[in-house]
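Using our numbering, the first residue of the sequence shown is number 428, and each one after it goes up by one.
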Amino acid sequence: MSAEDKPQTETIATLRIDLIDSDPPIWREIEVPVAMTLKQLHGIIQAAMDWEDAHLWEFTLGRERIGSSRAARLTLQDLLRPRTTRLDYTYDMGDCWEHQLTLTKPRPADPALAYPRYIAGANPAPPEDCGGIPGFYAQLEALADPNHPDHENAKDWFGDYDPNRLDEQPIKDRLARIANRRRTTPATTKPR
């Protein structure tokens, strides 16, 4: 078998997603293929945070803002820097969920594994449309106090949400579905 006949090993990186201003910290760590576009990365973030992709979003690299149309053409490989690459991601311009994304450790993928792949995380993400970080913590305060005037509304809005329990299995399942779609969809190469 010549070098040309050998299948190319995919390159992955470790992605850390931190929801800015969350206390205690809300974060996820995922292994992702660097050949994916930022639009595909948006889908991974949505899956990792258990959000519904119902709002506008954008990435920011330095001072450069990257919206959905450009994000469909720009790959993580295009952005990778030596050692660590940081970019910001904002979801829902009204609630303004701001995230810091950190990409590290580019390396060959394990061919026995499917990517993206959940590694770790802490604390469940806030429910959508609860008012951003300030609204989220105000709702949690109302939820924790049965005498709070908004307690019943918060119970209705948050349902069975438990801010102290991260159920990792649904995250793993959503990312596995994305990984399975990647396996069944032929890879396209970018023209040079």
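The beta-carbon is built from N, C-alpha and C at its ideal position, and this holds for glycine as well.
Just mark residue i as buried or exposed, buried being the case when its beta carbon has 16 or more other beta carbons within 10 Å.
i      : result
Ala475 : buried
Leu602 : buried
Ile457 : buried
Gly586 : exposed
Gly489 : exposed
Leu528 : buried
Gln566 : buried
Asp432 : A caution first: Asp432 carries a pLDDT of 48, below 50, which makes its placement in the model unreliable, though a value can still be read off. Asp432 is exposed by the Cβ-count criterion.
Ile471 : buried
Ile605 : buried
Pro597 : exposed
Arg619 : Bear in mind that a pLDDT of 40 at Arg619, under 50, signals an unreliable position, so the number given afterwards is only what the model happens to contain. Classification for Arg619: exposed.
Does DSSP put residue i in a helix, a strand or coil?
i      : result
Arg443 : strand
Asp432 : Any reading at Asp432 is ruled out, since the residue's pLDDT is 48, under 50, leaving its predicted position unreliable.
Ala462 : coil
Ala498 : helix
Gly558 : coil
Tyr564 : helix
Gly521 : coil
Arg492 : strand
Pro535 : strand
Pro618 : Unreliable placement is indicated for Pro618, whose pLDDT of 44 sits below 50; the coordinate value is still reported in the next sentence. Of the three classes helix, strand and coil, the one that applies to Pro618 here is coil, per DSSP.
Leaving aside the five residues before and after residue i along the sequence, list all residues of the same chain whose C-beta is less than 8 Å from its C-beta, in chain order.
i      : result
Pro551 : Ile453, Asp477, Tyr588, Asp589, Pro590, Arg592, Leu593 and Asp594
Arg610 : Ala541
Sorted by chain position, which residues of the same chain lie with C-beta nearer than 6 Å to residue i's C-beta, five sequence neighbours on each side aside?
i      : result
Thr487 : Asp515
Cys523 : Gly559
Leu530 : Ala440, Leu442 and Thr512
Arg544 : Glu458
For residue i, which residues does DSSP report across the bridge?
i      : result
Asp515 : Thr487 and Gln527
Thr611 : According to DSSP, which records beta bridges pairwise, Thr611 is partnered with nothing at all.
Ala547 : Glu456
Arg592 : Bridge partners of Arg592: none, in fact.
Please go through the same chain and pick out, in chain order, the residues whose beta-carbon is closer than 7 Å to the beta-carbon of residue i, but skip the five residues on each side of it.
i      : result
Cys466 : The sequence as given places Lys at residue 466; Cys does not occur at that position. Excluding residues within five positions, the ones whose Cβ falls inside 7 Å are Ser495, Ala498 and Ala499.
Arg492 : Glu485
His469 : Trp484 and Ala498
Sufficient close CB pairs (3 or more, under 8 Å) joining the segment 522–538 to the segment 441–450: Yes, they touch.
Inter-stretch contact at 8 Å, needing at least 3 Cβ pairs: the segment 555–566 / the segment 519–526: Three or more Cβ pairs drawn from the segment 555–566 and the segment 519–526 lie within less than 8 Å of each other, which places the two stretches in contact.
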